[in-house]
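As structure tokens, the structure follows; a few thoughts come after it.
Number of protein chains: 2
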Amino acid sequence: MMEIHEKKFDCPVTATLELIGGRWKAPILFYLSKGTRRFGQIDATISGISRKVLTEQLKDLEKDGLIIREYYKELPPRVEYSLTEFGQSLSSVFNAMVHWANENLVKK
Amino acid sequence: MMEIHEKKFDCPVTATLELIGGRWKAPILFYLSKGTRRFGQIDATISGISRKVLTEQLKDLEKDGLIIREYYKELPPRVEYSLTEFGQSLSSVFNAMVHWANENLVKK
DNA sequence: AATAGTAGTAACAATATTGTAACTAATGAT
DNA sequence: ATCATTAGTTACAATATTGTTACTACTATT
Numbered sequence: 001m002m003e004i005h006e007k008k009f010d011c012p013v014t015a016t017l018e019l020i021g022g023r024w025k026a027p028i029l030f031y032l033s034k035g036t037r038r039f040g041q042i043d044a045t046i047s048g049i050s051r052k053v054l055t056e057q058l059k060d061l062e063k064d065g066l067i068i069r070e071y072y073k074e075l076p077p078r079v080e081y082s083l084t085e086f087g088q089s090l091s092s093v094f095n096a097m098v099h100w101a102n103e104n105l106v107k108k
Numbered sequence: 001m002m003e004i005h006e007k008k009f010d011c012p013v014t015a016t017l018e019l020i021g022g023r024w025k026a027p028i029l030f031y032l033s034k035g036t037r038r039f040g041q042i043d044a045t046i047s048g049i050s051r052k053v054l055t056e057q058l059k060d061l062e063k064d065g066l067i068i069r070e071y072y073k074e075l076p077p078r079v080e081y082s083l084t085e086f087g088q089s090l091s092s093v094f095n096a097m098v099h100w101a102n103e104n105l106v107k108k
């Protein structure tokens, strides 16, 4: 039985997708796996996401301990996001997806 | 670039989650990976899903070539669902998730 | 002829997710 | 004092997803 903020999951796959599922979390995490990025960079790279939703997703990911937010009191202000160790540990899952997609989905 | 029924994805992770993401598809596929199952068995095992949503998800999965539906004209009628080879190929992805969850999520 | 059991469907309601557009906070440079 | 720039927030709207309840089709058994 897995537990993620009060909710319980009997299926490990569902528990995992609770953290990385949805339209945006996986692409954000996958992008951050390439290195630390600023808010604006993520916004520009993850095409289609709005700033509001991006903020929400980043907050969720931070709350779940997958990423860290670092605010620099510069000007203009700079905010950097990076994976925690916990977030980095997901690379095994993403690697499996990337490998599977490359082997099994049509490439054009 | 991956293509799944007209939609294009530049991110392999997004492309994969397009097929197995959402609230129910992964648990259904994961359950079917244990063997062929009848509609009623899936309904009884995947707790919380309604019959309507289960039907919809099964149709999606069939359309995407991940499962096969076999109808037996018996009585009472019997309908069996099982993974296709394509569906079975996802086991690498599910295994990665199960392994990650077991290593990284609190067990209670 | 009515009943029971499996695998659904139909109409509708509720909830959750995502999007849009305009606005704010901070502050060094002009 | 105003402007520019980054990283947001707020109020609201639209869309998508999921759920509820009642109903259907099939036909062997009672």
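First to last, the sequence lines map onto chains A and B. Numbered continuously in UniProt numbering, the first sequence closes out at residue 108. Numbered continuously in UniProt numbering, the second sequence closes out at residue 108. We put the beta carbon where it would ideally sit given N, CA and C, even for glycine. Small disclaimer: the values here were computed from a predicted structure and weren't measured.
Beta-carbon proximity of residue i to residue j, cut-off 9 Å
| i | j | result |
| --- | --- | --- |
| Asn95(B) | Ser89(A) | no |
| Glu18(A) | Ile4(A) | yes |
| Gly21(A) | Gly22(B) | yes |
| Gln57(B) | Trp100(B) | no |
| Ala26(B) | Val13(A) | yes |
| Val106(A) | Met2(B) | yes |
| Leu54(A) | Phe39(A) | yes |
Under 9 Å from the C-beta of residue i: neighbouring residues of chain B
| i | result |
| --- | --- |
| Ala26(A) | Cys11, Val13, Thr14, Thr16, Leu17 and Gly21 |
Cβ neighbours of residue i in the same chain (closer than 7 Å, five flanking residues each side left out)
| i | result |
| --- | --- |
| Phe86(A) | Gly65 and Leu66 |
| Thr45(A) | Tyr31 |
| Asp10(A) | Met1 |
| Arg51(A) | Asp43 |
Within chain A, the residues that residue i reaches when beta carbons sit closer than 8 Å
| i | result |
| --- | --- |
| Leu58(B) | None at all; the shortest Cβ gap to chain A is about 17 Å. |
Residue-chain proximity (residue i, chain A), Cβ-Cβ < 9 Å
| i | result |
| --- | --- |
| Glu103(B) | yes |
| Ser50(B) | no |
| Val53(B) | no |
| Val79(B) | no |
| Glu62(B) | no |
| Leu82(B) | It should be pointed out that residue 82(B) corresponds to Ser in this sequence rather than to Leu. It does not; no Cβ of chain A falls within 9 Å. |
Listed by chain order, chain A residues near residue i by CB distance under 9 Å
| i | result |
| --- | --- |
| Leu90(B) | Trp100 and Asn104 |
| Phe86(B) | Asn104 |
Per-residue contacts from residue i into chain B (C-beta, under 7 Å)
| i | result |
| --- | --- |
| Ala96(A) | Ser92, Val93 and Ala96 |
Cβ neighbours of residue i in the same chain (closer than 8 Å, five flanking residues each side left out)
| i | result |
| --- | --- |
| Ser91(B) | Ser33 |
| Arg69(A) | Leu58, Glu62, Val79, Glu80 and Tyr81 |
| Pro77(A) | Tyr71 |
| Arg37(B) | Tyr31, Thr45, Glu80, Tyr81 and Ser82 |
| Thr16(B) | Val93 |
Chain-ordered neighbours of residue i on chain A, where CB pairs are closer than 7 Å
| i | result |
| --- | --- |
| Ile42(B) | Result: empty, since nearest Cβ-Cβ is about 13 Å, beyond 7 Å. |
Residue-chain proximity (residue i, chain B), Cβ-Cβ < 9 Å
| i | result |
| --- | --- |
| Ile68(A) | no |
Chain B contact residues for residue i, given Cβ-Cβ distances below 8 Å
| i | result |
| --- | --- |
| Phe30(A) | Cys11 and Val13 |
Task: Three CB pairs or more closer than 8 Å across the stretch 79 to 93 of chain B and the stretch 22 to 36 of chain B - done: In the pairwise beta carbon analysis, the stretch 79 to 93 of chain B is classified as touching the stretch 22 to 36 of chain B: at least three pairs are separated by under 8 Å.
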